[in-house]
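J.:
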Amino acid sequence: MKPRKSVIPGFGLTMGYTIAYLGLIALIPLSTIFLKTAGMGWHAFWSVIGSARVMAAYRLSIGASIAGAAINSIFGLVVAWTLVRYRFPLRGVVDSLVDLPFALPTSVAGITLTAIYSEHGWIGRLLAPAGIKVAFTPIGVVVALTFVGLPFAVRTVQPVLQDLESELEEAAATLGASRIQTFRRVIAPALLPATITGFALAFARALGEYGSVVFISGNMPMRTEVVPLLIMTRLEEFDYQGATAIALVMLTVSFAMLFLINLLQRWSVGRHAAG
Amino acid sequence: MPPDERELWRMMDGGFDWARADETTAQMRRATSEPAWARALITAIAIVFLGVFLLIPLAAVFTEALRQGVRVYLAAITNAEARSAIRLTLITAAIAVPLNLIFGLAASWAITRFEFRRKNLLTTLIDLPFAVSPVIAGMIYVLLFGAQGYMGGWFAAHGIKIIFAVPGIVLATIFVTFPFIARELIPVMEAAGVEEEQAALTLGASGWQTFFRVTLPNVKWGLLYGLVICNARAMGEFGAVSVVSGHIRGQTNTMPLYVEILYNDYQFSAAFAVASILTALALVTLIAKRAIGGRLKSRELPVESEAADQEAA
Amino acid sequence: MSIEVRNIRKKFGNFTALDDVSLNIESGELVALLGPSGSGKTTLLRIIAGLEIPDAGSVHLGGEEATARSARERGVGFVFQHYALFRHMTVFENAAFGLRVRPRRRRPSEQQIRARVDELLKLVQLEWAGERYPSQLSGGQRQRVALARALAAEPRVLLLDEPFGALDAKVREELRRWLRRLHQELHLTGVFVTHDQEEALEVATRVAVLNRGKIEQVGTPEQIYHHPVTPFVSSFLGNVNLFHGRIHDGRVYLGGTSVAVQEGAGVHIGAPNGGRAMVHIRPHLLEIELRPNGKDSFPATVKHINAAGSRVKVELISAWEDPVRVEIDHERLRTLALRPGLQVYVSPRENRVFVYQI
């Protein structure tokens, strides 16, 4: 790799360190997954992946992640709208708090959510008379995944909403559109790329989430066991091959998501720049 | 560049322009806003949603921590195991963060100061940890350095323990947190531009002198921002560390892991007590991010405000 | 439809944008709101549109009180400075918007909408652009789409906020002529905001000059240019020479000379006898002679001659050291054989001066 801009010194040193670091910390360790699964043989691989328990875990992980991301997309829009357009006391504090799920260690989130939603917890006790159990059910998993994905949905939409020229809405008003019509026809289409990006990010995060989920789910195989959990179980049983096989599928999905998000970002940037 | 946690960290606090938001709010109170009842309803929904998902958990941590009184609380965070967990967390961060700092500086220097092919590949590689579940992040180190790992034999023969020991924990933490500083520095260094450094070189400064006297001061806020985020994540990582640590009490438990152990032992108040320290750390992180983010934003060029133009016209 | 605003007041925080402004616009007029930044012209326009709510005063559209009505209900077409086109919609969809959002009872059929939009796109000469997106058009084209969009909704009045401000000089000129023609064809009442006095004088049927939240003068372009009633209007429109002097007995004394000043066509006297006065004289209303031939004139020295243009701009320094600008035609330049350093005599033509007390 010959640098064209070599007036500034330090290319060799910085590039070398960077690649060495990346190689040692990330690339070589990651390669073990491929090595391990390569050594498994197709038959073993498919029998692991296709087993009922693993399939159930995939279904739960994907389903709950979609549900969580969807909830976040809807309410995230409401939250972003409120933060950008309305005034209320302590708005700054609320805005900062939106990032709490980022800053909080996942195990703390996990035990706290479990405490709140278990039958005697603050919220669990309100829902129990209605026969709704949250902790140790798939619903609990969705709640936990909603928690971790919350900032993504809000923060992708927020800057777009802020940059939305008020003139567009004024133009729609002078042309006779009602507020709802303006939202449906003018505002929502402008927010669509950001909303989808937020959904994708929340989904990707939720898919790999471990700490927040492991406490509230109860980890019952076939019912409330998410994929990261299953991988952990296999590791504890020293079934490295099984763990690796499951992990490989997860990685593939994650990389695909990252790729998709990349495309979405390009699409939304293209929209934004236009006009 | 794919958006990722780092971008979102940036969109957060540091990115929210309160002056613009106030203007937008003022504009929206004009003739084209929704009726008052709709505004109240939307605000209520937002507050309830955030209250349920953010405020209640926040309150719950501290409530549960103090459920059995202050004595028990203090005992839980000052006993030997707790102290060793705190120590291990601090040691891990103290090693991981500086190493990631050097990586961040090196990577951003290489990326922003030079042209080379496959620069996109490099930036994508830096994003890698975001696509990897924490459990998998820990697992790959077990596969590599564990007893049956690809390199496990060599280390065992030399009496070096990686997995189920501190080095493994540090490695896993580094993996999960190395993108943060780099991804924060890259746009800041990009924005600062090469001209000042080129000027320094023409004036006779060496590479190192240029770096310390010209580059670093320019990027200090972005650097600080990245440090805050990286540190928070390094201290709070759970999944990856859980896999490599072996959960050996008093030896290989960081605070997040210690919380889990206490909880599984049904020592709920103690678990929440330790959790409360981590929560306080999270809140401090949020405050720091807001403060630094403000500085970061104010160094940008003032954006022409059409609202101001309109109001003037 | 006529527009009337009465006693409008509007403040933004501590800043007074409009201070007791009243204006009457007859149906079919094209009125320009002219003034510098901060004069309140855009605020006034937006109040007429219903995009701002005045602190005091009332707005009447077509004789009816409209102050309480929302922008949606006023039936005004508004063209924004930066077009505000909906970028996720095609040109056609943008233009059709106003018709498509009408309540069911008043909404025309899709066919009728199509016909109307096609008609308007043809009017703005963009019938070929129907399926394009705003991002694919130039600034001038986008502004025409914005115009078509506003007109398609069948407004009773058309309001334009610095419509050509964001465009190149050439495109601006073209669109100005275009707007005038459009107004003549459609007979729609129109109000537009501009800070460019050339634009106002060229396009409008009447001009309202605003300064610091007040209307200084309203009149036809000729009236405000040739017969300004306040110093601000006089100096804002076109170039003026500013001289200090004293008024006494029908003459204004400038430096060592005096000029007869009588109230009459073109002359506005605002200063009392013996008072200090400011005199405005337009460059093309001054004459240069090589000798004082009995006219009221003052001596000046030629400093700089700019002959690049349709007229010659001569810069001089007066006997009392004030800069003087005079415009003459090329023939006169040749006749006088002017050159830098030459001492000449400058006199006002036709006594067209603007004098007021300071």
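Residue numbers (this note's numbering), protein chains in the order written: chain A, 1025 to 1299; chain B, 41 to 353; chain C, 7 to 364. Just so you know, even glycine gets a beta-carbon here, dropped at the ideal spot from N, CA and C. For clarity, every value in this text was computed on a predicted model and none was experimentally measured.
1. Within a Cβ cutoff of 7 angstroms, which residues of the same chain sit near L63/C, ignoring the five residues on either side of it in sequence?
2. Using only the alpha-carbon positions, how far apart do A196/B and P1153/A sit?
3. Can you tell which of F1176/A, P1162/A, A1280/A, S1131/A has the C-alpha that lies nearest to the C-alpha of E277/B?
4. Under 8 angstroms, Cβ to Cβ, is there at least one residue of chain C near S1200/A?
5. Anything in chain B within Cβ reach of E1249/A, meaning under 9 angstroms, just list it in chain order.
6. Excluding sequence positions up to five away, which residues of its chain have a Cβ less than 6 angstroms from the Cβ of E236/B?
7. Is any non-hydrogen atom of the ligand ADP found closer than 7 angstroms to the C-beta of G256/C, if you look at the structure I gave you?
8. Nearest to G281/C by alpha carbon, out of I294/C, V332/C, E295/C, Y362/C?
9. Using alpha carbons as the reference points, say which of V1118/A, Y1264/A, G1092/A lies closest to V1103/A.
10. DSSP three-state call for V234/B: helix, strand or coil?
11. According to DSSP, is S353/C part of a helix, a strand, or is it coil?
12. I'd like the span of the beta strand (DSSP E) that includes I200/B, first residue to last.
13. Can you pull the chain A residues whose beta carbon is under 8 angstroms from the beta carbon of V82/C, in chain order?
14. Are the beta-carbon atoms of A1269/A and T1056/A separated by less than 8 angstroms?
15. Could you check how far apart the C-beta atoms of R178/C and Y89/C are, in whole angstroms? I think they sit under 8 angstroms.
16. My assumption, with CB atoms under 8 angstroms, is that F1171/A sits in contact with A1133/A. Please give the rounded CB distance.
17. Go through its chain and collect everything with a Cβ distance to R252/C's Cβ below 8 angstroms, but skip five positions before and after it.
18. Between T64/B and the rest of its own chain, which residues show a CB-CB distance below 7 angstroms, the 5 nearest in sequence each way excluded?
19. Using a Cβ-Cβ cut-off of less than 7 angstroms, give me the residues of the stretch 96-109 of chain C that come near chain A, in sequence order.
20. Can you list the residues of chain D that E230/B reaches, using a CB-CB cut of under 8 angstroms?
21. Between the alpha carbons of E208/C and E71/C, how many angstroms are there, rounded?
22. In chain order, what residues of the same chain have a beta carbon less than 6 angstroms from the beta carbon of I166/B, not counting five sequence neighbours either side?
23. Please confirm if H232/C has its CB atom under 8 angstroms from at least one CB of chain A.
24. What is the rounded straight-line gap between the Cα of R212/C and the Cα of V197/C?
25. From this set, S316/C, R155/C, R110/C, R93/C, which residue's C-alpha is nearest V123/C's C-alpha?
26. Pick from V281/B, V182/B, S316/B, H287/B: whose alpha carbon is nearest that of N304/B?
27. Spatial neighbours of A206/C within its chain, please: CB distance less than 8 angstroms, with the 5 preceding and 5 following residues excluded, ordered by chain position.
28. Enumerated in chain order, which unbroken segments of the beta strand (DSSP E) with a length of 3 residues or greater are wholly contained in the stretch 131-209 of chain C?
29. With a cut-off of 8 angstroms on the beta carbons, I'd call T132/B and I82/B a contact; round off their distance for me.
30. What residues from the stretch 1156-1176 of chain A come within 7 angstroms of chain B, judged by C-beta to C-beta, listed N to C?
31. State yes or no: is the beta carbon of A1133/A nearer than 8 angstroms to at least one beta carbon in chain B?
32. Please go through the same chain and pick out, in chain order, the residues whose beta-carbon is closer than 8 angstroms to the beta-carbon of R52/C, but skip the five residues on each side of it.
33. What residues from chain C crowd round V1210/A, counting only those whose CB sits closer than 7 angstroms?
34. Which same chain residues end up closer than 8 angstroms to V268/B when comparing Cβ atoms and leaving out the 5 residues on each side of it in sequence?
35. When DSSP builds the beta bridges, which residues end up paired with G109/B?
36. Any chance you could list the alpha helix (DSSP H) runs of at least 4 consecutive residues sitting entirely within the stretch 20-64 of chain C, in chain order?
T.: A quick look at the data gives this:
1. Reading the third sequence from its first residue, position 57 is the one you call residue 63/C. Here the sequence assigns Gly to residue 63/C, which means Leu is not the residue at that position. Hits under 7 angstroms: V11, R12, N13, I14, R15.
2. Along the second sequence, one-based indexing puts residue 196/B at 156. Along the first sequence, one-based indexing puts residue 1153/A at 129. Rounded to the nearest angstrom, the two C-alpha atoms are 57 angstroms apart.
3. Counted from its first residue, the second sequence places residue 277/B at position 237. Measuring from the Cα of E277/B, the nearest candidate turns out to be S1131/A.
4. Taking the first residue of the first sequence as position 1, residue 1200/A is located at position 176. The sequence shown places Gly at residue 1200/A, rather than the Ser named in the question. Yes, because at least one Cβ of chain C sits closer than 8 angstroms to the Cβ of G1200/A.
5. Numbered from its first residue, the first sequence carries residue 1249/A at position 225. The premise fails here: E1249/A is roughly 13 angstroms from chain B at the closest Cβ pair, so nothing lies under 9 angstroms.
6. As a working note, residue 236/B is residue 196 in the second sequence. For E236/B, where only same-chain residues beyond five positions count, the Cβ hits under 6 angstroms are V254.
7. With respect to the ligand ADP, the structure shown offers nothing to examine, as it has no ligands at all.
8. Taking the first residue of the third sequence as position 1, residue 281/C is located at position 275. Taking only the C-alpha atoms, the option nearest G281/C is Y362/C.
9. Your numbering for residue 1103/A matches position 79 in the first sequence. The option with the nearest alpha carbon to V1103/A is V1118/A.
10. The residue labelled residue 234/B in the question sits at position 194 within the second sequence. In this structure, V234/B counts as coil in the three-state DSSP scheme.
11. Working through the third sequence from its first residue, we reach residue 353/C at position 347. The answer is strand: DSSP assigns S353/C an E or B state.
12. For the purposes of this step, residue 200/B is taken as residue 160 along the second sequence, with counting starting at 1. Neither: I200/B is in no beta strand (DSSP E) and is coded neither H nor E.
13. The count along the third sequence starts at 1 and reaches residue 82/C at position 76. By Cβ distance, chain A contributes T1198.
14. The residue given as residue 1269/A occupies position 245 in the first sequence. The residue given as residue 1056/A occupies position 32 in the first sequence. In terms of Cβ geometry, A1269/A and T1056/A do not form a close pair [threshold 8 angstroms].
15. Numbered from its first residue, the third sequence carries residue 178/C at position 172. Numbered from its first residue, the third sequence carries residue 89/C at position 83. Wrong, their Cβ atoms sit about 14 angstroms apart, outside the cutoff.
16. As a working mapping, residue 1171/A is identified with position 147 in the first sequence. As a working mapping, residue 1133/A is identified with position 109 in the first sequence. Correct: roughly 6 angstroms between the Cβ atoms.
17. Taking the first residue of the third sequence as position 1, residue 252/C is located at position 246. Closer than 8 angstroms at Cβ, skipping near neighbours: V258, Y259, G280, G281, R282, A283.
18. By one-based count along the second sequence, residue 64/B stands at place 24. Bear in mind that a pLDDT of 49 at T64/B, under 50, signals an unreliable position, so the number given afterwards is only what the model happens to contain. For T64/B, where only same-chain residues beyond five positions count, there are no Cβ hits under 7 angstroms.
19. Hits within the stretch, in order: F103, G104, V107, R108.
20. Here the protein chains are A, B and C, and chain D is not one of them.
21. For this step, residue 208/C is matched to residue 202 along the third sequence. For this step, residue 71/C is matched to residue 65 along the third sequence. Using only the alpha carbons, I get a separation of about 32 angstroms.
22. By one-based count along the second sequence, residue 166/B stands at place 126. Taken in chain order, the residues that qualify are P219, A222.
23. Here residue 232/C refers to the residue found at position 226 of the third sequence. False, the Cβ-Cβ gap to chain A never drops below 8 angstroms.
24. On the third sequence, position 206 is the one that residue 212/C refers to. On the third sequence, position 191 is the one that residue 197/C refers to. Going from the Cα of R212/C to the Cα of V197/C covers about 10 angstroms.
25. Here residue 123/C refers to the residue found at position 117 when the third sequence is read from its first residue. Cα-wise, what sits closest to V123/C is R155/C.
26. Translated into the one-based positions of the second sequence, residue 304/B becomes position 264. Selected option, being the one with the closest Cα: H287/B.
27. Working through the third sequence from its first residue, we reach residue 206/C at position 200. Cβ neighbours of A206/C beyond the five flanking positions: A38, L40, T200, V213, P227.
28. 163-167, 195-200
29. Locating residue 132/B in the second sequence gives position 92, where the first residue counts as 1. Locating residue 82/B in the second sequence gives position 42, where the first residue counts as 1. A Cβ-Cβ distance of about 43 angstroms is found for the pair T132/B and I82/B, leaving them out of contact under the 8 angstroms criterion.
30. T1170, F1171, L1174, P1175, F1176
31. Counting from 1 along the first sequence, the entry for residue 1133/A is found at position 109. By this cut-off, A1133/A is an interface position.
32. One-based indexing of the third sequence puts residue 52/C at position 46. Hits under 8 angstroms: E58, D167.
33. Mapped onto the first sequence, residue 1210/A falls at position 186. F92, listed in chain order.
34. Position 228 of the second sequence, counting from 1, holds the residue named residue 268/B. Same-chain partners within the cutoff: T325, A328, K329, I332.
35. Taking the first residue of the second sequence as position 1, residue 109/B is located at position 69. G109/B is not bridged to any residue.
36. 47-55
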